[in-house]
Every structure is written in C-alpha cells, then in structure tokens.
Amino acid sequence: TVVGWGFDENKKISEKLMQAKMPVVSTIQCIYSNRDFFARFTSDSNFCAGFRNGTSVCNGDSGGSMVFPKKSTSGQNPVWQIRGIVSVGVALQTEGICDTSQYVIFTDVAKFLPWIKGVINSN
Numbered sequence: 003t004v005v006g007w008g009f010d011e012n013k014k015i016s017e018k019l020m021q022a023k024m025p026v027v028s029t030i031q032c033i034y035s036n037r038d039f040f041a042r043f044t045s046d047s048n049f050c051a052g053f054r055n056g057t058s059v060c061n062g063d064s065g066g067s068m069v070f071p072k073k074s075t076s077g078q079n080p081v082w083q084i085r086g087i088v089s090v091g092v093a094l095q096t097e098g099i100c101d102t103s104q105y106v107i108f109t110d111v112a113k114f115l116p117w118i119k120g121v122i123n124s125n
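If you use my numbering, the sequence shown closes out at 125, no skipped numbers anywhere.
Encoded structure:
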C-alpha cells in the first residue's frame with residue numbers, strides 16, 4: 003500500500019490522503035517494460051512496483067512510503083512496516099507529469115536499515 007497527497011486522476015493535487023495497493027515487480031520485468039528509462043535507474047538499493055493501469059503514484063507523492071502489513075505476534079491487528087520510499091517514475095513527455103501506465107521505482111528501506119538504526123541510536 004502506498005499513500006500520498008500527489009496528483010489525482012484529474013491531474014490535480016489531492017485534497018485528501020490517497021492510497022493505492024501496488025504490487026512489487028521484478029527488476030527484469032521493470033527494465034523490459036521501458037529499457038531506456040529503468041535500466042538507468044534500477045539498482046540493488048531500490049525496487050519497482052505498480053500495475054501500469056492508471057493506479058500509481060504521481061507528482062507530489064515523492065518521499066511517501068510503501069507499507070506492508072506484518073503479522074502481529076500477539077494476534078492483534080497487523081503492524082505496518084515501511085519497505086519503500088517513492089523515488090522516481092516516468093514522466094509524460096508532453097505534460098511533464100507522471101505516466102501512470104509505467105512502473106515506479108522505490109528506495110528499498112531494508113537496504114538502509116543499518117544506517118537508519120545507527121542514526122537513531124546516535125541520538
């Protein structure tokens with residue numbers, strides 16, 4: 003699940019917090035979908051996600067989180083974990099805004115966990 007205040011389907015900044023479920027896709031699938039763009043931006047510190055059907059993040063969502071539920075050990079409601087941060091997506095050439103028919107790249111938070119813990123523990 004991704005949340006954000008970015009552009010909506012009418013290309014306007016949303017007045018309410020929006021959410022969308024977006025599946026993670028393989029790096030290979032991502033690159034094959036748009037080799038010129040994704041071959042430049044994919045790395046071992048990020049991942050691709052999306053449907054390519056209009057359900058996507060857009061301008062204004064950058065820095066927002068992709069979260070996944072993690073089962074609670076106590077049997078209560080799941081705990082939500084941040085796994086990705088909206089990083090970069092393909093823009094429409096004619097309008098300069100997101101192309102919702104393309105995948106999106108997310109920073110893989112897990113790859114930066116040692117650094118995050120170090121910063122937290124130093125304070």
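Heads up, the beta-carbon is just placed ideally off N, CA and C, and yes, glycines get one too.
- Gly-66 sits away from Val-92, with the two beta carbons spaced by 8 Å or more.
- Given a length threshold of 3 residues, each whole run of the beta strand (DSSP E) inside the segment 39 to 70 is given here in chain order: 48 to 51.
- In the DSSP assignment, Gln-21 falls within the beta strand (DSSP E) that extends over 20 to 22.
- Taking the Cα positions, Asn-125 is about 16 Å away from Leu-115.
- Fewer than three pairs of CB atoms, one per stretch, sit closer than 8 Å, so the segment 103 to 117 makes no contact with the segment 11 to 23.
- Non-local C-beta neighbours of Thr-44 in its own chain, meaning closer than 8 Å and more than five positions away in sequence, comprise Thr-29, Cys-32, Ile-33, Cys-50 and Ile-107, ordered along the chain.
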